[in-house]
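Presented below is the structure to which this report refers.
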Amino acid sequence: MTPHSVPDTAREARITTDPRYRALVRDRQRFSWTLTAITVIVYTSFISLIAFDKPLMAQPIAGGATSIAVVLGVAMLVGTVVICAVYVWRANGSYDARLAALLESIA
Amino acid sequence: MTARLARGALAFALLGWASVANAALSGAVVARSTNWTAILMFLGFVGITLWVTAAAARRTRTVSDFYTGGGITGFQNGLAMAGDYCSAASFLGITSQIFNDGYDGLIYAIGFLVGWPIVLFLVAEKLRNLGRFTFADVASYRFLQGPVRSFSAVSTLLVVSFYLIAQMVGAGQLIQLLFGLPYLYAIIVVGGLMMVYVLFGGMRATSWVQIIKAVMLLCGATFLVLGVMSHVGFSFETLFARAVAVKTRLALETGLSPADAAAKGRAIMGPGGFIKDPISALSFGFALMLGTAGLPHILMRFFTVPDAREARKSILWATVWIGYFYALTFILGFGAIVLISFNPAYVDGAGALLGGNNMAVMHLAHAIGGNLFLGFISAVAFATILAVVAGLTLSAASAISHDIYASVIRKGHAEPAKELRVSRITTVLLGIAAIILGIIFQKQNVAFMVSLAFALAASGNFPVLVMSLLWKGCTTQGAAWGGAIGLLSAFGLTVLSPVIWVAVFGFEHAIFPYSSPALFSVPAGFVAIWLISTLDRSPRAAIDRAGYPAQRVRSETGIDVHRPADH
Numbered sequence: 005m006t007p008h009s010v011p012d013t014a015r016e017a018r019i020t021t022d023p024r025y026r027a028l029v030r031d032r033q034r035f036s037w038t039l040t041a042i043t044v045i046v047y048t049s050f051i052s053l054i055a056f057d058k059p060l061m062a063q064p065i066a067g068g069a070t071s072i073a074v075v076l077g078v079a080m081l082v083g084t085v086v087i088c089a090v091y092v093w094r095a096n097g098s099y100d101a102r103l104a105a106l107l108e109s110i111a
Numbered sequence: 012m013t014a015r016l017a018r019g020a021l022a023f024a025l026l027g028w029a030s031v032a033n034a035a036l037s038g039a040v041v042a043r044s045t046n047w048t049a050i051l052m053f054l055g056f057v058g059i060t061l062w063v064t065a066a067a068a069r070r071t072r073t074v075s076d077f078y079t080g081g082g083i084t085g086f087q088n089g090l091a092m093a094g095d096y097c098s099a100a101s102f103l104g105i106t107s108q109i110f111n112d113g114y115d116g117l118i119y120a121i122g123f124l125v126g127w128p129i130v131l132f133l134v135a136e137k138l139r140n141l142g143r144f145t146f147a148d149v150a151s152y153r154f155l156q157g158p159v160r161s162f163s164a165v166s167t168l169l170v171v172s173f174y175l176i177a178q179m180v181g182a183g184q185l186i187q188l189l190f191g192l193p194y195l196y197a198i199i200v201v202g203g204l205m206m207v208y209v210l211f212g213g214m215r216a217t218s219w220v221q222i223i224k225a226v227m228l229l230c231g232a233t234f235l236v237l238g239v240m241s242h243v244g245f246s247f248e249t250l251f252a253r254a255v256a257v258k259t260r261l262a263l264e265t266g267l268s269p270a271d272a273a274a275k276g277r278a279i280m281g282p283g284g285f286i287k288d289p290i291s292a293l294s295f296g297f298a299l300m301l302g303t304a305g306l307p308h309i310l311m312r313f314f315t316v317p318d319a320r321e322a323r324k325s326i327l328w329a330t331v332w333i334g335y336f337y338a339l340t341f342i343l344g345f346g347a348i349v350l351i352s353f354n355p356a357y358v359d360g361a362g363a364l365l366g367g368n369n370m371a372v373m374h375l376a377h378a379i380g381g382n383l384f385l386g387f388i389s390a391v392a393f394a395t396i397l398a399v400v401a402g403l404t405l406s407a408a409s410a411i412s413h414d415i416y417a418s419v420i421r422k423g424h425a426e427p428a429k430e431l432r433v434s435r436i437t438t439v440l441l442g443i444a445a446i447i448l449g450i451i452f453q454k455q456n457v458a459f460m461v462s463l464a465f466a467l468a469a470s471g472n473f474p475v476l477v478m479s480l481l482w483k484g485c486t487t488q489g490a491a492w493g494g495a496i497g498l499l500s501a502f503g504l505t506v507l508s509p510v511i512w513v514a515v516f517g518f519e520h521a522i523f524p525y526s527s528p529a530l531f532s533v534p535a536g537f538v539a540i541w542l543i544s545t546l547d548r549s550p551r552a553a554i555d556r557a558g559y560p561a562q563r564v565r566s567e568t569g570i571d572v573h574r575p576a577d578h
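Protein chains in written order, with my numbering: chain A, 5 to 111; chain B, 12 to 578.
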């Protein structure tokens, strides 16, 4: 086994049976799976759009040289950073605060 | 000699590419004369990194120092991850692909970036909360150590080897081109330096080499982009319009009708031949997206920060810098079209890049900043390779010393001093192995190796990690054998696919027709883990399942977390 410090099973049980712990884990899990699904669906759609409709992607925006493909591609780069920022903002903010409050009350 | 160089440059051109992109890359390669500015700049970089290594060596006494570097912040770790992830192949390869074909380079870049949110959402915080030095600490947390650690170590060594061979061969060829240094010397310099960094400075030196390199790369690329944008009045529309005009004029010169030439010019603004059949495209996309979450050298970086909070920040910063870097390469590719296409100093009469097909950004650097800046960018490219190979070596060394020696052979009771010694001996052996592999594979087609490394990581490590973290029913047998099946199916399908079956073995038709196995081998890994675990009725399986609640609460809360500074 990985060397652990002596586990405090009583404290562990108090944490896992606490309704706040269950709610936190449920909320965070739902949030992370939702964002995972969004990432996978958006990326798959982007690749499929390229694979199935290249002429559409090559169409210019507003009659200039800039194409739909460029705008969507840059949006993918920016969107990837934004979705990470959303998760970190929420996880390091409200979820971590809830976790800290929980652990503090169960010394 | 020229033919060998051409083959070498071709192999390097394809290094980071999906095996789907190939036919477009050909043309003569001319070796450069020795570039002294570049060499001096590079020596400067080596001097700084050796000084950092010396400083790190004084503080690398314990096993924890060696594997984790004693702890850095999320911001620093994010930069180091970016330094670990942005290879020379993507810097030179993506810009050159855009220079040649336009848009397609961006599709590739997006695939590389989109793996990071998956790492963040599914594994990062749990990994940090449970692990200590390697991802195998987490994958084997509640299981029998021997089988799962052995699987993880084999998988780590496989992934790292393919990644490393691609980097070493690429390094040799790049340095030959940029510095006029013979291949053999280049390989020995790269292998030797990476050995010194890891051997003496461990993770602390590796982190700082990666951070310094990331800053140099981002600053250099930013300066180049400013140079490009000042030529087009800081308007993207002007940049694209002028690039289209250049490509149209080039097409006219080949004798096309004005209408056809205009269409050819416009083609750079949309997707071209990079994505052919949808299955290959999706499969390759999945390998990139899920593979990142299974790359051992990336996962190892999570243990350099103190807690889940900083681990999340690391990824956010890594994503910011990597995304920024890819956006820059996109602009640089178009900038190269506009600024160097008609300059006989950079392209020959047929419009092909002088010095080889990956040189677009190098010529652009010369066009914008002269010899001095060309030297700087060359040094950055060399530094980039060093940073990547040092990270790979460290993760392979820790798989052997921590997972195999300390956990499997010594069953968790290794003396720390001995474990440290084993990791250092391993580092030396790996450095020598890397040099030898670089020489053996010099003339081989290594194009498929990076995508193979990603496919292996996505099909072996990723399912094992996800199932052991998130599924109560996962057992020792399921994780070890299921992971091995995922790994093997990725490997087997790659051998049967066009890149090896046709290109290497010379058969006429590939048995597996797609360019990447991930769409099939990742599900194979997950199903195998599920099936074997479900059928597992051994006494150990009961212990594995019973261990889940204790693992779960630690993974969610970070109680009992091992911090890098703890000794």
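Virtual Cβ for every residue (Gly too), placed ideally from N, Cα, C.
For residue i, the first and last residue of its enclosing alpha helix (DSSP H)
| i | result |
| --- | --- |
| B:F247 | F247 to E264 |
| B:W62 | W47 to R69 |
| B:T303 | Note, B:T303: premise wrong, no alpha helix (DSSP H); not H, not E. |
| B:S500 | T487 to L507 |
| B:Y208 | Y194 to H242 |
| B:W332 | A319 to I351 |
| B:A278 | It is not in any alpha helix (DSSP H) - B:A278 carries neither H nor E in the DSSP assignment. |
| B:H424 | Counting along the chain, B:H424 falls outside any alpha helix (DSSP H), and DSSP gives it neither H nor E. |
| A:K58 | K58 to A62 |
| B:L88 | The displayed chain sequence assigns Asn, not Leu, to residue 88 of chain B. Element bounds for B:N88: G85 to Y96. |
| B:E581 | Residue coverage of chain B in this structure runs from 12 to 578, which leaves residue 581 of chain B outside it and unanswerable. |
| B:H413 | Careful: B:H413 lies outside any alpha helix (DSSP H) and carries neither H nor E. |
| A:R15 | T13 to T21 |
| B:F473 | N472 to L481 |
Closest Cα partner of residue i within the set the options
| i | options | result |
| --- | --- | --- |
| B:G283 | B:F516, B:Y114, B:V63 and B:L397 | B:Y114 |
| B:H242 | B:G191, B:A256, B:V349 and B:G360 | B:V349 |
| B:R432 | B:A67, B:R72 and B:I59 | B:R72 |
| B:G94 | B:W332, B:I121 and B:L261 | B:W332 |
| B:A164 | B:I326, B:S418 and B:L293 | B:S418 |
| B:I420 | B:G157, B:L385 and B:G181 | B:G157 |
| B:G244 | B:G346, B:L103, B:I543 and B:W62 | B:G346 |
| B:L168 | B:A278, B:L476, B:T249 and B:S409 | B:S409 |
| B:A216 | B:A100, B:G81, B:S166 and B:M280 | B:G81 |
| B:D112 | B:G362, B:T568 and B:V200 | B:G362 |
| B:L117 | B:R139, B:T265, B:L343 and B:A272 | B:L343 |
| B:G334 | A:A79, A:A95, A:A41 and A:D100 | A:A79 |
| B:S479 | B:F86, B:V134, B:V515 and B:A67 | B:V134 |
| B:G104 | B:L481, B:A329 and B:T340 | B:T340 |
| B:M205 | B:S532, B:F516, B:L185 and B:Q178 | B:Q178 |
| B:G423 | B:K137, B:F56, B:D148 and B:M227 | B:D148 |
| B:A466 | B:A270, B:F297, B:T233 and B:R143 | B:F297 |
Contact test: residue i Cβ vs the ligand NAD heavy atom, cutoff 7 Å
| i | result |
| --- | --- |
| B:L185 | This structure simply doesn't include the ligand NAD, nor any ligand for that matter. |
Check whether residue i and residue j have beta carbons under 8 Å apart
| i | j | result |
| --- | --- | --- |
| B:F132 | A:Y47 | no |
| B:V209 | B:L405 | yes |
| B:A469 | B:G302 | yes |
| B:Y174 | B:L403 | yes |
| B:G305 | B:F473 | yes |
| B:I198 | B:I446 | yes |
| B:G276 | A:S71 | no |
| A:I110 | A:D12 | no |
| B:S294 | B:A529 | yes |
Residue environment, residue i, which counts as buried when at least 16 other CB atoms sit within 10 Å
| i | result |
| --- | --- |
| B:Q453 | buried |
| B:H520 | exposed |
| B:L54 | exposed |
| B:K2 | For residue 2 of chain B there is no data in the structure shown, the boundaries of chain B being 12 and 578. |
| B:W47 | exposed |
| A:R26 | exposed |
| B:Y196 | exposed |
| B:L51 | exposed |
| B:H374 | buried |
On the three-pair Cβ rule with 8 Å, is the region 71-90 of chain B touching the region 289-299 of chain B? Result no; under three Cβ-Cβ pairs closer than 8 Å.
Give a yes or no on contact between the region 52-61 of chain A and the region 299-319 of chain B, applying the rule of three or more CB pairs nearer than 8 Å. Counting C-beta pairs closer than 8 Å gives fewer than three between the region 52-61 of chain A and the region 299-319 of chain B, which falls short of the contact rule.
Evaluate the contact criterion for the region 106-126 of chain B versus the region 546-561 of chain B: three or more CB pairs, one atom per stretch, below 8 Å. Touching, no.
Is there contact between the region 89-108 of chain B and the region 390-398 of chain B, where contact requires at least three CB pairs shorter than 8 Å? Two segments are said to touch when three or more pairs of C-beta atoms, one from each, lie closer than 8 Å; by this definition the region 89-108 of chain B touches the region 390-398 of chain B.
Assess, as a yes-or-no matter, whether the region 226-243 of chain B is touched by the region 368-380 of chain B under the definition of 3 or more beta carbon pairs within less than 8 Å. Taking 8 Å as the limit for Cβ pairs, the verdict is that the region 226-243 of chain B does touch the region 368-380 of chain B.
Assess contact between the region 491-500 of chain B and the region 532-541 of chain B, defined as three or more Cβ pairs (one per stretch) separated by less than 8 Å. Is contact present? Result yes; three or more Cβ-Cβ pairs closer than 8 Å.
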